[in-house]
Amino acid sequence: FLVEKGNHRHFMAKEIYEQPEVVGHTLTQYLDMANGKVRLPFGDQIDWKNLSRLTISACGTSYYAGLIAKYWFEKLARLPVEIDVASEFRYREAPLPDQGLALFVSQSGETADTLAGLRYARQNGQVILSVVNVPTSTIARESDAVAQTLAGPEIGVASTKAFVCQLAVFASLALAAARARGTLSAQDEVSHVQNLISLPGLMARALELEPEIEKLARELSKAKDVLYLGRGTSFPLALEGALKLKEISYIHAEGYPAGELKHGPIALIDEDMPVIVVAPHDALFEKTASNMQEVAARGGRIILVTDAKGAAECGIEPEATIVMPDMDPTFAPIVYALPIQMIAYQTAVFMGKDVDQPRNLAKSVTVE
Ligand code: AGP
């Protein structure tokens, strides 16, 4: 069927703007909102309590969603997680444990490497769960349980709304696992569920920052290289930000864990390379702030994505600050993904690039 752009210039813009709605829609399938509880559509099909390990595999943006999920499953559910890109996982002959769950993440459900990884896990005795956007896809059909993202058809080659819906599903799965494993009190479940319910409203507010982000595009478009930094769940967002910028603007970009800066990349810092720092005021903020100070002391230009408290306490004067609404930090990546996507989008549009059909890329990589 036909999907139209409506009054947006590109499918990517339309899909960025749909995010509050599709995340809300996805969450209604995973939460009992009235009672503040998680309610998985596939019920008790997964024995979270007795799992020894979760193995996650995916490609590209779906892999970065899996990386964020690792933080949530480990912290909230005390469930050990192994994660690898599918093109490595499928060949590295990893030993997989008894009582292991393998989780594959894919918008299309047709990515060749991810499917091969799934088949390897199946041969090695894992229960297979997939997080997919297309329920009729091969990956969905070959899974024991399917957690669907309700993002609707994603047309832009650069994944946006599928990513945030994957995160919304992972947040729900991590809470379900935590409840089953006895690491989450009923009271904490209610407060996490309330936080999840508040996300679409916060995402709508993040979208209002677009005019400010648009102003950054001119400067960013002049850069040859851009460095993205983050800690904790902001680290995979740094990776995702760099991937988005590379894909659609063709500017070279790298994502790095902020704490790795002094192990190499700090040598690159100069006034020509913008450094985009993703840092909500969470438990790790001070650590990231000291990394920012190191960058600033070497003449680096920082674009900071944070909240009001972070802006007040960063200890430097960034070249630009995108001030996000206040929110609980646990699931903040679901909201912080939006400015990251808009930075890439606005830069690529300013440069006149074909954001929906970037060169050399296919929406679904069905061959190796
Ligand atoms: C993201 O913007 C990409 N174009 C790409 O990395 C994508 O996420 C990857 O190919 C995985 O696709 P899938 O989710 O359909 O498996």
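First residue of the sequence shown: 530, per the working numbering; consecutive thereafter.
Cβ coordinates follow ideal geometry from the N, Cα and C atoms, glycine included.
- Secondary structure remark: continuous alpha helix (DSSP H) runs of at least 4 residues inside the segment 684–732, in chain order: 690–709.
- With fewer than three CB-CB distances shorter than 8 Å, the segment 851–858 does not count as touching the segment 582–602.
- In this structure, A837 places its C-beta atom within 8 Å of the C-beta atom of V852.
- Under the 8 Å Cβ criterion, the segment 550–566 does not count as touching the segment 660–671, having fewer than three qualifying pairs.
- With contacts defined by Cβ atoms closer than 8 Å, T876 and L768 do not form a contacting pair.
- Sequence-distant Cβ neighbours of H781 in its own chain, meaning closer than 6 Å and more than five residues away, are D754.
- Closest in alpha carbon position to P624, among S616, S635, E611, is E611.
- The bridge partners DSSP lists for P786 are G759.
- For S586, the enclosing beta strand (DSSP E) begins and ends at 582–587.
- Closest in alpha carbon position to F633, among P626, H810, R619, is R619.
- Taking M880 as the centre and dropping the five residues before and after it, the same chain places the C-beta of S750, S778 closer than 6 Å to its C-beta, in chain order.
- Take S701, set aside five residues on each side of it, and the residues of its chain with a beta-carbon closer than 6 Å to its own are Y559, V567, in chain order.
- Taking V532 as the centre and dropping the five residues before and after it, the same chain places the C-beta of P682, I684 closer than 7 Å to its C-beta, in chain order.
- In this structure, the ligand AGP has no non-hydrogen atom nearer than 7 Å to the beta-carbon of Q822.
- Each of T557, A687, K543 was checked against the Cα of N889, and the nearest Cα belongs to A687.
- Closest option to S666, judged by alpha-carbon separation, among Y649, Q636, C694: Q636.
- Taking 7 Å as the cut-off, one finds no heavy atom of the ligand AGP near enough to the beta carbon of E737.
- With a beta-carbon spacing of about 5 Å, T712 and R607 fall inside the 8 Å limit used to define contacts.
- Taking a contact as a CB-CB distance under 8 Å, the pair M871 and E739 counts as one, their CB atoms being some 6 Å apart.
- CA-CA distance, T817 to A866, rounds to 18 Å.
- Its chain contains V656, I657 as the residues whose beta carbon lies nearer than 6 Å to that of D673, once the 5 sequence neighbours on both sides are disregarded; these appear in chain order.
- Taking C-alpha positions only, A706 is separated from P570 by approximately 14 Å.
- Relative to the ligand AGP, the beta carbon of L632 is positioned no closer than 7 Å to any heavy atom.
- Here A697 is buried, its C-beta having at least 16 other C-beta atoms within 10 Å.
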